[in-house]
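Here the structure is laid out as structure tokens; the discussion comes afterwards.
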Amino acid sequence: MGLQEGETQTTTTKPGARALEILERSGLRGLPESTRHALIDGGKVERLLRRQRIAQQGELAPALFLLGKGRVKLERASSGHVFPVGHRGPGDLVGEAALTGNVAPEHAIVADEVEALVIPATFLRRLATTDTLLQAVVARALLEGQRAAEDRLASLLLRSVRARLVELLLDGLDRWGEPHRSGTALSAPFTHADLASLIGSTRETVTLELGKLRRAKLIELDRRRIVILDRDALARYAETP
Numbered sequence: 001m002g003l004q005e006g007e008t009q010t011t012t013t014k015p016g017a018r019a020l021e022i023l024e025r026s027g028l029r030g031l032p033e034s035t036r037h038a039l040i041d042g043g044k045v046e047r048l049l050r051r052q053r054i055a056q057q058g059e060l061a062p063a064l065f066l067l068g069k070g071r072v073k074l075e076r077a078s079s080g081h082v083f084p085v086g087h088r089g090p091g092d093l094v095g096e097a098a099l100t101g102n103v104a105p106e107h108a109i110v111a112d113e114v115e116a117l118v119i120p121a122t123f124l125r126r127l128a129t130t131d132t133l134l135q136a137v138v139a140r141a142l143l144e145g146q147r148a149a150e151d152r153l154a155s156l157l158l159r160s161v162r163a164r165l166v167e168l169l170l171d172g173l174d175r176w177g178e179p180h181r182s183g184t185a186l187s188a189p190f191t192h193a194d195l196a197s198l199i200g201s202t203r204e205t206v207t208l209e210l211g212k213l214r215r216a217k218l219i220e221l222d223r224r225r226i227v228i229l230d231r232d233a234l235a236r237y238a239e240t241p
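Position 181, counted from 1, in the sequence shown is what UniProt numbering calls 181; the numbers after and before it change by one each time, with no gaps.
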């Protein structure tokens with residue numbers, strides 16, 4: 001279902017229990033059984049490969065992607081430059097413009113292989129015209145996305161680099177956290193440049209702050225993965241001067 005970049009391919013599996021699991025973790029959670037079944041029947045669980053472009057800025061969104069695993073990078077192009085907007089992971093929606101029929105405001109590119117429930121835009125909007133509960137859940141999902149964007153802007157304006165970095169790491173635990181012998185690892189392999197772009201800082205500053213977190217024994221690095229050793233202590237550390 002996604003637009004492809006390069007020679008990537010999409011592997012599709014039949015919807016079922018996994019589709020329901022993805023749906024119930026997403027912003028479209030809490031729908032009545034009949035609507036859930038309609039969305040699952042109308043969608044597909046797809047595996048989207050790295051570097052696949054699933055939304056194109058300025059074009060109509062082809063589908064709504066409900067992420068079950070993996071990572072999608074959002075980028076916005078303007079005046080010949082590309083600006084990072086954010087990263088989406090399990091539980092997140094990508095392609096929200098499909099809910100309204102608007103053009104996509106940014107590019108969406110698969111950063112790490114993704115599993116997603118993919119619901120075609122035309123089917124989704126047609127279903128919403130006759131389902132008032134779905135309309136309400138769609139409105140809630142859009143509002144949650146708007147609030148998240150506002151919270152991110154407030155964080156960029158008001159919080160220190162350290163606090164923004166810790167906030168990003170803790171948020172990443174909810175999306176990409178997996179058990180590790182020392183704590184909880186972020187399965188998504190963020191580079192220092194990735195982290196810097198997401199918190200509005202420089203790669204050098206992020207490297208410096210990560211070093212401080214390591215010396216404080218709050219994180220460790222395992223190859224390209226960041227391992228959180230103590231979530232509560234890390235949260236407290238963010239507020240220290």
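By construction, the Cβ of each residue, glycine as well, lies at the ideal position given by its N, Cα and C atoms.
Exposed unless 16 or more other CB atoms sit within 10 angstroms - verdict on residue i
i, result
"H81", "exposed"
"P62", "buried"
"R223", "exposed"
"P90", "buried"
"L157", "exposed"
"L93", "buried"
"D201", "Asp is not the amino acid found at residue 201; the sequence shown has Ser there. With 16 or more Cβ atoms within 10 Å of its Cβ, S201 is classed as buried."
"G177", "buried"
"L221", "exposed"
"G43", "buried"
"G95", "buried"
Length of the line joining the Cα atoms of residue i and residue j
i, j, result
"D232", "A97", "36 Å"
"T122", "V72", "22 Å"
"G145", "R215", "35 Å"
"L169", "I54", "25 Å"
"R159", "A235", "14 Å"
"R140", "S26", "11 Å"
"E21", "K69", "11 Å"
"Y237", "L210", "12 Å"
"P179", "E239", "26 Å"
Other residues of its chain near residue i: CB distance less than 6 Å, five sequence neighbours each side excluded
i, result
"L99", "V138"
Residues near residue i by beta carbon distance below 8 Å, same chain, minus five either side
i, result
"R50", "T8, V110, A111, D112, E113"
Helix, strand or coil at residue i [DSSP, three-state]
i, result
"T184", "strand"
"N102", "coil"
"S78", "strand"
"G211", "helix"
"R51", "coil"
"T240", "coil"
Residues near residue i by beta carbon distance below 7 Å, same chain, minus five either side
i, result
"R203", "H192, A193, A196"
"A38", "L127"
From the options, residue whose alpha carbon lies closest to that of residue i
i, options, result
"G86", "T240, L153, R125, L198", "L198"
"L28", "L64, Q52, A238, E167", "L64"
"L60", "R225, P120, L186, L74", "P120"
"S78", "D92, E106, L67", "E106"
"V206", "L165, L23, F190, A185", "L165"
Chain B contact for residue i (CB, 7 Å cutoff)
i, result
"L28", "The chain labelled as chain B is not found in the depicted structure, where only one protein chain is given."
Proximity test, residue i beta-carbon vs the ligand GTP heavy atom, cut-off 6 Å
i, result
"L66", "Inclusion of the ligand GTP in the displayed structure is not the case, the ligand content being empty and no account of it being possible."
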